[in-house]
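Student: Sequence order for the protein chains is A and B.
The numbering used here numbers the first residue of the first sequence as 1 and each following residue consecutively.
The numbering used here numbers the first residue of the second sequence as 1 and each following residue consecutively.
The structure's right below; bear with me while I get my questions together.
There are 2 protein chains.
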Amino acid sequence: MTGLSDIDIARAATKAPIRDIGAALDIPDAALLPFGHDKAKVSADFIDSLQSRPDGRLILVTAINPTPAGEGKTTTTVGLGDGLKAIGKKSAICIREASLGPCFGMKGGAAGGGYAQVVPMEDINLHFTGDFHAITSAHNLLSAMIDNHIYWGNALGIDARRVVWRRVMDMNDRALRDVVTSLGGVANGFPRQTGFDITVASEVMAILCLATDLADLQRRLGDIIVAYTRDKAPVTARDLKADGAMTVLLQQALQPNLVQTLEQTPAFVHGGPFANIAHGCNSVLATRTALKLADYVVTEAGFGADLGAEKFMDIKCRKAGLAPDCVVLVATIRALKMNGGVAKGDLGAENVEAVQAGCANLARHLENLKGFGVPVVVAINHFAGDTEAEVAAVQARVAELGSEAILCRHWADGSAGIANLAHRVAALADSGQADFAPLYPDGMGLLDKIETIATRIYRADGISVPDGVRRQLEEWEAAGFGALPICMAKTQYSFSTDPAARGAPTGFTLPVREVRLSAGAGFVVAICGDIMTMPGLPRVPAAESIGLNAQGFIEGLF
Amino acid sequence: MTGLSDIDIARAATKAPIRDIGAALDIPDAALLPFGHDKAKVSADFIDSLQSRPDGRLILVTAINPTPAGEGKTTTTVGLGDGLKAIGKKSAICIREASLGPCFGMKGGAAGGGYAQVVPMEDINLHFTGDFHAITSAHNLLSAMIDNHIYWGNALGIDARRVVWRRVMDMNDRALRDVVTSLGGVANGFPRQTGFDITVASEVMAILCLATDLADLQRRLGDIIVAYTRDKAPVTARDLKADGAMTVLLQQALQPNLVQTLEQTPAFVHGGPFANIAHGCNSVLATRTALKLADYVVTEAGFGADLGAEKFMDIKCRKAGLAPDCVVLVATIRALKMNGGVAKGDLGAENVEAVQAGCANLARHLENLKGFGVPVVVAINHFAGDTEAEVAAVQARVAELGSEAILCRHWADGSAGIANLAHRVAALADSGQADFAPLYPDGMGLLDKIETIATRIYRADGISVPDGVRRQLEEWEAAGFGALPICMAKTQYSFSTDPAARGAPTGFTLPVREVRLSAGAGFVVAICGDIMTMPGLPRVPAAESIGLNAQGFIEGLF
C-alpha cells in the first residue's frame, strides 16, 4: 500500500518502447504499426504468417457477480500476466478497450488499478488507436445508406417502420435514445422514429471482435439485417452494398493493439463489445494472435461468470475454436460479504458469517465453470481491511468444493503479490486436465438453448416465453439461423433477473421478454430485463472536473 | 501524361520513413509522434521550443471561382512545394485534412492529383490521425452536457427553444439535418427540435484551426455560446464546465500532422474547417510550425479567392499575426472558358474568345489580391487539350494587368513541370514587395465590414440587410463582439450570390439573410444564400463501389 492514486502510479511507470514489447514476443519492428511510442497495431500480414505455430495456454479470468464493493477482474488479469512473467513464463494479457462515453459520466478507468495496470492509461481510456471511432463511422455509414436508399426510391422495398438498424455515438447521451429523424421537408427524407445506442452496443463492435480476418469481417458485415420489407423479408447490409465500404473503414481497426503493463508485460487491448446484448470479450484476433506469440495468455470476460464466462465459452470459444486451459474465478472478501447480505456501509467490520453466506454465490459459479470441463482456481483479490479469519473461511469453503482459493496482493505489490496464483495457474494449465466443451450443442433448438442456460447456469426453475418470442425463434430456425448460439442479456448483479437477489437465489423463473437476431455477429440475443444501450450522464458528470493541469497532464479522468 | 490513375501513381510512390521527412526539417525523432511509418504528429513541446526562430516565406495558393471544369488548387500547392524543393529551396506545404463523410458520396480525394499528390492518400481521406473523430467527440460531449444540464434541473436557466449548439457527425446523412430528440418519456429528457451538421462545420473545428496553443484552445472552447436564457443572456461552454474535458479530447488533435508529397517534400495536413460558415484554412499551428522549420511554406485557402483568400487574409492572418509574401492565383483554360460562357460539354474545342471573356473573373481576383498588398503570380494549371493560343491569351491579359501567368505541368510531370513558377514565386517572396494589410480594420463596425467585403471584393452595389440582422449585429457590438472579423458564407461559384453568374458580374446587391456568432472561433458569420451544413448522399453513393481488392488495396475511394 502506497497511498498513491492509480494515475500517479501509472505516470511514474517506466514504459518500454513499444518495439521492445513487441520484440519480447518476437514481433519484428516492421510488423508493428506504431501509434506514438507506446502503442502499436500488429499487422494483419504478420498475423497471417503465424497460423502454423502451436498455441500457448489460454487462461480465462472471470468473477463472482459484481457488487458495488468491486471485484478487480481486470486488475487480476493484469496482475496474473505480470505474475506469470515474473516466474519466468512468456506471458501476455488480452483485455477489452474502454468506451469513451462513460469516462465523462462516472469517474473510473478500465485499465486495471494499483500496481496492476495497463499503460498508457489516458490513451486507453480516450481515443486510443481510434478503433471505436472507426466502428462508429462504419455503423453510421450503414445507417445513412439505409435512409438514402429509401430517399432515392426504395428499390429494395424497405418498410420504414421496420428499420431495425439505429445509429451509434460513443457518448453517454440520453437525449439520443429515442429521436425522430428526417424532419424539415422533402429534401431531408421520410420522417421516422429511431434512436442512437452507445458504440460498444453496435453489432459492428461484436462483429469486429468475432471476425477471424478481413474476408470474414466483410462477410459478417454483409450479413447484418438492417430492416425488413412489408412482407417481413430481411434486408441486409449486403443488399445495400454497404459491406465493402464498411470493411474499408474497419481495415485498420481489425488489427490488434499492443501496449504494456506497468511491469512491461505485453498487453493486447482490442475490441470492447457490450456484455449484455453482445458477448463482452476482447477480439478473437487479439486472443488468437497472443496465443501464437506467448506461452500463457490471460484474458477476461465481462460481468460475472454467469454472463461473461458463459458467453466466452459458448460464443467466443465455440466460434473461434478456442479452448481455455484454466479458469481463475476472482472474488473479494467485501463482495462476498455483500453477497452474504451486508450493506456497503457495513463492509468495514469483520463478518465471517456473511463471508460464509456469500460463498454460496462463489460456489455456484465454481460448479458452473467446472461444468465446461476446465480446471478452476479462485483468486481472492486482497483489500486492506480483509481479516485472516475471513480469508480462511473462503479458503476452507473452496477446498470443500475441490478447488483452491489463493490470496493475491497484486494491487498493492504487483507481480510479487500474485506469485502463488501464477504458479498454480501455470501448473493447472499445463496439467492437461482441461477437456473443454460448450454448454450446449449447435444443433439444439434456440428455445432449448435459452432454457439450458437458464436452468443449468442460473439455476432457474424454468423460463417464461411470450408466444411472439416463441414464434420469432421458430421463424429464425426456419430461416436457417437455428444453429446460432444464444447471447443472454440480463442483469449482471444476480443469477436471477432481480438485481437485488444476491448470493445463490433459487425458486425463480427467467422471463424472456424479447429476442433479437444479430445475424452478422452470429448470435441470437435473449433479453431478460431492462437493458440500457445508451447511458445518460449523472447530475454532476465527471466531465465537469476533467481538464489539463499546469503540467499538461490530464486530471479528473480516473 | 501516363494514363495512370491518381491512386496508381500514389501506390507506386516510394515513401520515405516519416522520421526522414521530419529530419529534413530538423525535427528530432523524439519530437515526432508516429502514426504508422508514414504519418506523425509534431509534438507540442517541440513546437513551443521553436518560438524564437525566424519565419520562412509564406506563399498562399488561391484560385479563380471554381467551376465543374476543375482548377487544381491543392494539386498546384503540392506541385509548387515540390518545385521549390527541386530548385534547392527548403520548402514545406500546409493543406487541410479531408472530411470522411463526402468520400462515401461522390468519388474524389483531397490530396492533390497526378504527380502532385500527398501520401498516404488512403489514410488522409479516411481516419488519418483521428483529428476529426476527436473534434466530433468534443463537440458531441458539449451537446450531451447541455441536454444533461437541462435534464437535471437546468440551474443555468437555459431556454430549451434557444439552444444553438447542435450535434455533429462526419458523415453525409440528410436524415440527421432536422431531428427531434429526447422522445420516449421522462427518463430521456425534454423533447426539442435540433439537428446534426457534418463535423467540418463544427465551431470546434474552426477553433482547433485558429488556436495558438492548448491554453488558447481551452479559452476559445469556453467562449462558445451554446444557448440563451429566456432573457437572451448567452450560456457558454464554460458555464457548463465542458471546456476542460473538451480540451482533453482535443489535446492530441491540436498537434499538427506531418506527411509527405510524392517527391518527399514535407507536408503538414492539419484541420479542415468548412469554407462557408468557417474560414476554410488549415490550422494556424501547422502554418506557424512550418514557417519556423522551412524557408518557403506553400499553403492554400478554400474555394475561390473572393471567399478563401479574403478569409485567409482577414481572419487567419489577422488573428495569427501571419503575413503572406506572395500569392499564387490558379486558373485553368477550361475553367476560364466556363467563366467565359462555355458549357462543360463544349470544353474540348479551342475557344480563345471565351478564354479572353473568362479572364474577367481572373482579372477581378488579381486586382482584389493586390489590394492586400501582396505580389501575385498566376499559375495556369495545364490540362491536355489546352491550346497555345488559349494559353497565350491568358498570358497577354495577365501581363496587361502587370503580373505574370506561368504555364505549369506539375500534374503530368511533378516538380519538373513547375520549375518556372517555383523560381518566380521564390523571387517574388524574397523581393520584399509584400506589405500585407487586411481589408478592413478591427475597429470598423460589423455591418460596415460586411459592406466593405461586398463592395470591394465582390463588387456588389451594396448590401440588403433585414432589420433583425441589423439589430442583432448592434447587440453583439454592445456585448463586446464588435472587433471580430466577418466570415462570409455565400456560394463559391460566383462573386455574387447567384451561382450561375460566372465571370465578373456587376449590378447586384448582396442580401445578408442571417448572422451567427462564433464567439469561440472569434468571427461573425454572415450568411448570404443557402448554406448546406449537412450534405446528403447521391442516388448511387460512392460507398457502393468502395471495397478491398484481392491484394487488400482500397478500390473505389478515389
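Cβ atoms here follow ideal geometry from the backbone N, Cα and C, with glycine treated the same way.
As the structure is a prediction and not an experimental result, all values here were calculated from the model.
Sort A:Arg288, A:Val298, A:Gly340, A:Gly345 by Cα distance to Ala393 of chain A and report the nearest one.
Tutor: The shortest Cα separation from Ala393 of chain A among A:Arg288, A:Val298, A:Gly340, A:Gly345 belongs to A:Gly340.
Student: What are the start and end residues of the alpha helix (DSSP H) that includes Gly462 of chain B?
Tutor: Note, Gly462 of chain B: premise wrong, no alpha helix (DSSP H); beta strand (DSSP E) at 462-464.
Student: What in chain A is Cβ-close to Val162 of chain B, meaning under 9 Å?
Tutor: Note on identity: in this sequence residue 162 of chain B is Arg, with Val being the wrong assignment. Those within 9 Å of Arg162 of chain B in chain A number zero; the least Cβ separation is about 16 Å.
Student: Look at the alpha carbon of Ser545 of chain B and the alpha carbon of His37 of chain B, and state the distance between them as a whole number of angstroms.
Tutor: 28 Å
Student: I want to see whether chain A comes within less than 8 Å of Gly547 of chain B, judged by CB atoms only; does it?
Tutor: yes
Student: Whether or not the segment 478-485 of chain A and the segment 440-460 of chain A are in contact is what I'm after, with contact meaning three or more pairs of Cβ atoms, one per stretch, closer than 8 Å; do they touch?
Tutor: yes
Student: Here's the rule I'm using: 16 or more other beta-carbon atoms within 10 Å means buried, otherwise exposed. How should Ala542 of chain A be labelled?
Tutor: buried
Student: In the DSSP assignment, find the beta strand (DSSP E) that holds Glu350 of chain B and state where it starts and stops.
Tutor: Note, Glu350 of chain B: premise wrong, no beta strand (DSSP E); not H, not E.
Student: Which of the three DSSP states is assigned to Lys316 of chain A in this structure?
Tutor: helix
Student: Assuming the contact rule is C-beta atoms closer than 8 Å, His270 of chain A and Ala286 of chain A should be a hit. Round their C-beta distance to whole Å, please.
Tutor: Rounded to the nearest angstrom, the Cβ distance from His270 of chain A to Ala286 of chain A is 4 Å, consistent with a contact under 8 Å.
Student: Using only the alpha-carbon positions, how far apart do Asp8 of chain B and Val168 of chain B sit?
Tutor: Looking at the backbone, the Cα of Asp8 of chain B and that of Val168 of chain B are separated by about 34 Å.
Student: List, in order along the chain, the chain B residues whose C-beta lies closer than 7 Å to that of Lys241 of chain A?
Tutor: Glu544
Student: Apart from the five residues just before and just after Arg162 of chain A, which ones in its own chain have a Cβ nearer than 6 Å to its Cβ?
Tutor: So the qualifying residues of the chain are Ala227, Tyr228.
Student: Which residue from B:Ala419, B:Met338, B:Ile135, B:Asp243 puts its Cα closest to that of Ala69 of chain B?
Tutor: B:Met338
Student: Pick from B:Leu33, B:Ile87, B:Arg53, B:Tyr493: whose alpha carbon is nearest that of Val425 of chain B?
Tutor: B:Ile87
Student: I believe Thr136 of chain B touches Gly112 of chain B by the beta-carbon criterion, under 8 Å. Please report the beta-carbon distance rounded to the nearest angstrom.
Tutor: Wrong, their Cβ atoms sit about 25 Å apart, outside the cutoff.
Student: In chain order, which beta strand (DSSP E) runs of at least 3 residues are fully inside the segment 395-461 of chain A?
Tutor: 405-408
Student: Between the segment 157-189 of chain A and chain B, which residues of the former have CB atoms less than 9 Å from a CB of the latter, in chain order?
Tutor: Taking 9 Å as the cut-off between beta carbons, the residues of the segment 157-189 of chain A near chain B are Arg167, Met169, Asp170, Met171, Asn172, Asp173, Arg174, Ala175, Leu176, Arg177, Asp178, Val179, Val180, Thr181, Ser182, Leu183, Gly184, Gly185, Ala187, Asn188, Gly189, in sequence order.
Student: Among residues of its own chain, excluding the 5 on either side of Val540 of chain B, which ones have a beta-carbon nearer than 7 Å to its beta-carbon?
Tutor: none
Student: With DSSP collapsed to three states, give me the class of Gly547 of chain B.
Tutor: strand
Student: Would you please state the rounded distance, in angstroms, between the beta carbons of Ala110 of chain A and Ala98 of chain A? I believe it to be under 8 Å.
Tutor: 4 Å
Student: In the DSSP assignment, find the beta strand (DSSP E) that holds Pro66 of chain B and state where it starts and stops.
Tutor: Neither: Pro66 of chain B is in no beta strand (DSSP E) and is coded neither H nor E.
Student: Could you tell me the distance, in whole angstroms, from the CA atom of Lys241 of chain B to the CA atom of Gly222 of chain B?
Tutor: 8 Å
Student: Distance, Cα to Cα, Val465 of chain A vs Arg513 of chain A?
Tutor: The alpha-carbon atoms of Val465 of chain A and Arg513 of chain A are separated by roughly 7 Å.
Student: Is the CB-CB distance between Ala434 of chain A and Gly371 of chain A below 8 Å?
Tutor: no
Student: Residue ranges of each beta strand (DSSP E) run of no fewer than 3 residues wholly in the segment 268-349 of chain B, ordered along the chain?
Tutor: The DSSP assignment places 296-300, 326-331 as complete runs of the beta strand (DSSP E) inside the segment 268-349 of chain B, in order along the chain (cut-off: 3 residues).
Student: Who are the neighbours of Ile554 of chain B on chain A, taking C-beta pairs under 7 Å?
Tutor: Val248
Student: Looking at the unbroken alpha helix (DSSP H) that takes in Arg470 of chain A, where does it start and where does it end?
Tutor: 467-476
Student: Tyr228 of chain B by DSSP, collapsed to three states: which one?
Tutor: strand
Student: For chain B, is any of its Cβ atoms less than 8 Å away from the one on Phe35 of chain A?
Tutor: yes
Student: Give the C-beta separation of Thr289 of chain B and Pro256 of chain B to the nearest angstrom, bearing in mind that I take them to be a contact with Cβ-Cβ under 8 Å.
Tutor: The C-beta distance from Thr289 of chain B to Pro256 of chain B rounds to 5 Å, short enough to fall under 8 Å.
Student: For Asp386 of chain B, which of helix, strand or coil comes out of DSSP?
Tutor: In this structure, Asp386 of chain B counts as coil in the three-state DSSP scheme.
Student: Output, in sequence order along the chain, the residues in the segment 100-122 of chain B whose CB is closer than 8 Å to any CB in chain A.
Tutor: Leu100, Phe104
Student: Use the C-beta contact count for Val118 of chain B: other C-beta atoms within 10 angstroms, 16 or more gives buried, fewer gives exposed.
Tutor: Val118 of chain B sits buried, since 16 or more C-beta atoms from the chains shown fall within 10 Å of its C-beta.
Student: Drop a sphere of 10 angstroms on the beta-carbon of Met1 of chain A, count the other beta-carbons inside from all chains shown, and report buried for 16 or more, exposed for fewer.
Tutor: Only weak support exists for where Met1 of chain A lies, its pLDDT of 44 falling under 50; the value from the coordinates is given anyway. Under this definition Met1 of chain A is an exposed residue.
Student: Distance, Cα to Cα, Lys39 of chain B vs Gln252 of chain B?
Tutor: C-alpha separation (whole angstroms): 14 Å.
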